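Read top to bottom, the protein sequences are chains A and B.
In this text, residue positions in the first sequence follow our numbering: the first is 1, and each later residue adds one.
In this text, residue positions in the second sequence follow our numbering: the first is 337, and each later residue adds one.
The C-beta atom is built at its ideal place from N, Cα and C for all residues, glycine as well.
This structure is a prediction, so every number in the text was calculated from the model and none was measured.
Protein chains: 2
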Amino acid sequence: MPDIIRVTYDEMLEEFVRILRAVGFTPERAELLAQIFAENSRDGIASHGYNRILFFANSVKRGDVNIEAEPRPVARFGAWEQWDGQLGAGIINALACTDRAMELAREHGIGCVALQNTNHWLRPGKYGWRAAEAGFAFICWTNTIPNVPPWGGTEPRVGNNPIVLAIPCESGPVVLDIAMSQFAFGQLELYRLRDQELPVPGGYDAQGQLTTNAAAILESARALPIGYWKGSGLALMLDLFASLMSGGSSTYQLGQQTHEYGVSQVYWAVDISRAGTPAVLNRVITDTLDSLKTAPLADDNDAIRYPGERILKTRADYLAHGIPVDRAIWQAIREF
Amino acid sequence: MPDIIRVTYDEMLEEFVRILRAVGFTPERAELLAQIFAENSRDGIASHGYNRILFFANSVKRGDVNIEAEPRPVARFGAWEQWDGQLGAGIINALACTDRAMELAREHGIGCVALQNTNHWLRPGKYGWRAAEAGFAFICWTNTIPNVPPWGGTEPRVGNNPIVLAIPCESGPVVLDIAMSQFAFGQLELYRLRDQELPVPGGYDAQGQLTTNAAAILESARALPIGYWKGSGLALMLDLFASLMSGGSSTYQLGQQTHEYGVSQVYWAVDISRAGTPAVLNRVITDTLDSLKTAPLADDNDAIRYPGERILKTRADYLAHGIPVDRAIWQAIREF
């Protein structure tokens with residue numbers, strides 16, 4: 001059984017700043033990065049928060065992340081720009097490109113930044129929240145190393161290429177944040193550690209049978225794309241759009257490296273305020289969400305939830321009562 | 337057993353023009369619409385070709401489609417425009433908006449047309465092929481009436497909201513054309529008629545169990561979204577983007593009608609030629625497709641295919657040997 005303690009947001013932020021300073025980031029950059037790691041933890045996304053800070057710090061120590069790099073524009077085509085992340089911190093590049101896509105949308109109605117040579121952006125949904133809280137509808141996605149077999153194959157050749165779609169709403173943004181594999185690898189690891197069955201099949205075992213056994217999937221490296229052939233096709237298309245639009249590496253090219261760095265991403269912002277008053281837009285959204293939430297429930301469900309709905313409740317809980325953290329992980333963070 | 341005959345593309349086109357003239361379309365419009373129906377048949381998409389022409393003709397006779405309507409611009413925000421389909425033929429509106437999105441992309445690098453008050457566009461992939469053949473990367477999607485339960489619910493409240501992603505390539509476009517339900521309703525009908533099991537679960541039976549029995553799914557009206565909760569979330573977001581960006585009806589609003597008309601769509605074009613020479617772009621794509629196609633095969637698979645790959649082979653076959661058509665359906669078309 002994990003031994004869980006509660007850590008305040010401020011305590012966590014302070015530890016993260018200390019760690020990021022220790023691996024060489026400037027005070028401002030350490031503060032910015034620490035804030036995102038702490039916010040991801042506060043929103044209940046531990047896998048891209050406190051569970052990842054030491055992995056990130058060690059990748060910086062290994063030299064995988066250029067701590068001084070600034071993203072820079074490569075080409076400007078009007079409402080679409082290409083930027084180069086120069087192998088800097090993925091979070092810093094992602095924040096800059098999210099903001100730049102919003103600027104372009106302010107100017108052209110829609111805006112797109114395609115980013116080459118960047119690194120893992122941690123929690124993708126963060127950028128959707130940021131844009132939606134600023135009043136923009138927003139879509140972004142990334143490619144990854146090959147980690148899912150294409151439909152009909154047994155070896156990883158497509159990425160799980162997470163995508164985010166976000167819509168601003170008065171009651172809080174609607175933010176979908178999903179990978180093209182049925183389960184993230186961190187989730188498979190957790191199910192294996194806890195010796196729990198997955199709720200639905202997440203991949204194939206060594207015999208080629210669909211299974212809910214996470215250990216068998218991690219062993220076979222045959223994770224299941226969402227919707228079988230459909231997710232395999234979606235992952236391919238997201239990769240082609242990201243690599244072609246940015247001029248950066250494709251999943252195939254990333255697979256030629258020893259490990260994942262220098263991925264390609266796209267950020268699309270829509271100045272949705274042009275389409276109507278906040279009252280008109282909110283009415284469309286809340287009518288839609290209400291119709292979902294009032295559908296009759298399937299067995300074993302206590303509620304129908306829309307994407308992002310749980311985040312605000314988790315956030316309020318964790319800010320009031322502290323962020324639950326595994327004691328051993330917190331100890332390791334303190335001792336870094 | 338269905339009794340299949342082969343009909344040439346030209347014969348089919350001629351019959352379709354006659355039918356469309358008979359329900360009132362002008363010669364040019366009848367020609368344009370007939371061509372799309374015939375091309376969809378020629379590409380092997382019978383469900384959006386000869387299998388649908390009489391349904392379409394009858395919907396025109398009922399007055400569901402305004403045969404004289406022209407799409408018109410409602411608002412221009414720069415690279416993003418809102419258009420009104422004025423309840424005209426979905427194909428005519430879709431062709432116009434695809435072309436307009438490409439014009440906007442030529443001007444701004446990317447372009448988006450959001451379309452309100454349109455009707456069923458038949459085969460969505462058609463518009464991806466059109467744009468990719470003109471050299472554009474392209475994404476479009478539509479909303480629909482509620483026809484899939486949201487995750488955790490038992491009554492249809494989200495649409496299956498088909499989406500297309502297309503990339504131009506020298507050897508032929510890569511075009512993904514998928515709905516957010518694991519199987520289209522036409523497919524479920526076919527499996528039921530043939531008394532065949534679905535290859536993977538496509539929904540729930542009346543007892544709430546996942547099933548591969550198409551009849552049970554059609555009876556329960558509980559089609560499965562791709563990737564369970566993920567496809568349910570994707571369908572919701574695609575609907576919100578389409579309805580908010582176009583100022584048109586949401587899936588919730590379409591559900592208040594007696595049947596489906598006046599749907600909302602978005603068309604995104606990218607002038608991908610700005611990102612590199614054809615040689616550079618084709619290299620990225622063909623390296624990627626080659627890496628997929630050379631992956632070791634899972635049991636029972638003869639090949640790994642990329643989205644759209646089969647279309648060109650089908651097209652060549654059907655143009656050379658005629659389009660296979662059920663004799664009874666062809667008889668009904670001849671007698672209309």
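- Secondary structure within the segment 86-168 of chain A: the alpha helix (DSSP H) runs of 4 or more consecutive residues, fully enclosed, are 90-108 and 125-133 (chain order).
- For arginine 408 (chain B), the closest C-alpha among the options B:Ile427, B:Asn387 and B:Asp420 is that of B:Asp420.
- Within the segment 605-616 of chain B, those residues whose Cβ lies closer than 8 Å to any Cβ of chain A are, in chain order, Val606, Asp607, Ile608, Arg610, Ala611 and Gly612.
- Taken atom to atom, the span from the alpha-carbon of alanine 550 (chain B) to that of isoleucine 340 (chain B) is near 24 Å.
- Taken in chain order, the whole beta strand (DSSP E) runs of length 3 or more contained in the segment 568-644 of chain B are 599-606.
- For the C-beta of serine 586 (chain B), the chain A residues within less than 8 Å are, from N- to C-terminus, Val284, Asp287 and Thr288.
- Looking at the backbone, the Cα of alanine 634 (chain B) and that of glutamate 155 (chain A) are separated by about 9 Å.
- If you compare the alpha carbons of B:Asn376, B:Lys566 and B:Ile621 with that of arginine 651 (chain B), the shortest gap goes to B:Asn376.
- In the three-state DSSP reduction, glycine 563 (chain B) falls in the coil class, being neither helix nor strand.
- If you look at isoleucine 329 (chain A), you'll find it in the alpha helix (DSSP H) that goes 327-335.
- According to DSSP, residue pairing for arginine 408 (chain B) in a beta bridge involves B:Asp420.
- Annotation: the continuous alpha helix (DSSP H) that includes aspartate 346 (chain B) extends over 345-358.
- Three or more pairs of CB atoms, one per stretch, sit closer than 8 Å, so the segment 87-99 of chain A contacts the segment 51-70 of chain A.
- Flagged as an interface residue toward chain B: glutamine 182 (chain A), by a C-beta distance shorter than 8 Å.
- Taking C-alpha positions only, alanine 552 (chain B) is separated from phenylalanine 183 (chain A) by approximately 28 Å.
- Under a criterion of Cβ atoms nearer than 7 Å, the residues of chain A adjacent to proline 485 (chain B) are, in order, Ala295.
- If you ignore the 5 residues before and after arginine 106 (chain A), its C-beta comes within less than 6 Å of the C-beta of Asp271, all in its own chain and listed in chain order.
- Note on threonine 480 (chain B): 16 or more other CB atoms within 10 angstroms of its CB, so buried under the neighbour-count rule.
- Chain-order list of chain B residues neighbouring isoleucine 226 (chain A): Ile562, Gly563, Lys566 and Gly567, by C-beta distance under 7 Å.
- Close partners of histidine 444 (chain B) in chain A (Cβ separation under 8 Å): Phe77, Gly78, Ala79, Trp80 and His108.
- Between proline 498 (chain B) and proline 535 (chain B), the gap from beta carbon to beta carbon reaches 8 Å or more.
- Taking every protein chain shown into account, the CB of threonine 277 (chain A) has fewer than 16 other CB atoms within 10 angstroms, so this residue is exposed.
- Boundaries cannot be given for isoleucine 381 (chain B), as no beta strand (DSSP E) includes it and DSSP labels it neither H nor E.
- With distances taken between CA atoms, leucine 104 (chain A) lies nearest to A:Phe77 out of A:Gly153, A:Gly262 and A:Phe77.
- Residue contact with chain B for glutamate 155 (chain A): present (Cβ-Cβ distance below 8 Å to some residue of chain B).
- Of all residues in the segment 504-516 of chain B, the ones placed with a Cβ closer than 8 Å to any Cβ belonging to chain A are Val510, Leu512 and Ile514, in chain order.
- Note on geometry: alpha-carbon atoms of alanine 223 (chain A) and glutamate 197 (chain A) lie some 15 Å from one another.
- Rounded to the nearest whole angstrom, the CA to CA distance from methionine 438 (chain B) to alanine 432 (chain B) is 10 Å.
- Annotation for leucine 193 (chain A): the continuous alpha helix (DSSP H) segment containing it runs 185-194.
- From the beta-carbon of aspartate 299 (chain A), the residues of chain B found nearer than 8 Å are Gly544.
- In this structure, proline 482 (chain B) lies near threonine 587 (chain B), with their beta-carbon atoms less than 8 Å apart.
- Glutamine 331 (chain A) and valine 7 (chain A) have their C-alpha atoms roughly 12 Å apart.
- Exclusion of the five residues before and after alanine 179 (chain A) leaves Asn160 and Pro162 as the residues of its chain whose Cβ lies within less than 6 Å of its Cβ.
- The shortest C-alpha to C-alpha distance from tyrosine 345 (chain B) to any of B:Val661, B:Ile665, B:Phe672 and B:Glu671 is the one to B:Val661.
- Under a 10 Å Cβ-count criterion, alanine 320 (chain A) is classified as exposed, with fewer than 16 other Cβ atoms of the shown protein chains found around its own Cβ.
- In the three-state reduction of the DSSP assignment, proline 535 (chain B) falls in the coil class, being assigned neither a helical nor a strand state.
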